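Worksheet for the structure shown next.
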Amino acid sequence: MLCFTAELGLTDLDYYQYLSYGGNHKVESTNDARDLQETLKALRVMGIQDSEVFDIFKLVAGILHVGNIQFIEKGNYSQVADKQC
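Per our numbering, the sequence shown runs over residues 16 to 100.
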């Protein structure tokens with residue numbers, strides 16, 4: 016379940032605009048890998064299927080990607096600033 020970062024087009028946390036607002040994303044007292052495993056286990060306990068969990072991750076990845084889109088003004092309209100995003 017955890018080997019899907021390439022499939023979702025995910026990269027380093029610093030790449031995503033939405034994740035940069037708080038400054039440093041590292042918290043010394045947390046273990047993200049363990050917390051993710053606990054969350055996945057809790058989702059299974061609630062009866063959420065792996066395919067549904069993956070759908071949730073696809074949705075979150077999409078939101079992260081959309082957050083990187085920047086727009087520029089062109090007359091009375093706007094357009095995507097960098098079409099490579």
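Even glycine gets a Cβ: it sits at the ideal position worked out from N, Cα and C. Note that the structure is predicted; figures quoted are calculated from it, not measured.
Within its chain, find whatever has a CB closer than 8 Å to the CB of residue i; leave out the 5 residues flanking it on each side and keep chain order.
{"i": "F86", "result": "S93, Q94, V95, A96"}
{"i": "T26", "result": "T20"}
{"i": "M16", "result": "The predicted model places M16 with a pLDDT of 48, which falls under 50 and marks its position as unreliable; any figure quoted below should be read in that light. Correct list, in chain order: L55, D65, V68, F69."}
{"i": "L34", "result": "L28, H40, L79"}
Since I believe residue j is in contact with residue i (beta carbons under 8 Å), could you give me their beta-carbon distance rounded to a whole number of angstroms?
{"i": "Y31", "j": "N83", "result": "6 Å"}
{"i": "L23", "j": "K89", "result": "With a Cβ gap of about 31 Å, L23 and K89 do not count as contacting."}
Secondary structure at residue i, three-state DSSP: helix, strand or coil?
{"i": "K56", "result": "helix"}
{"i": "Q94", "result": "strand"}
{"i": "F72", "result": "helix"}
{"i": "E67", "result": "helix"}
Given a cut-off of 8 Å on the beta-carbon distance, is the pair residue i and residue j in contact?
{"i": "L79", "j": "V68", "result": "no"}
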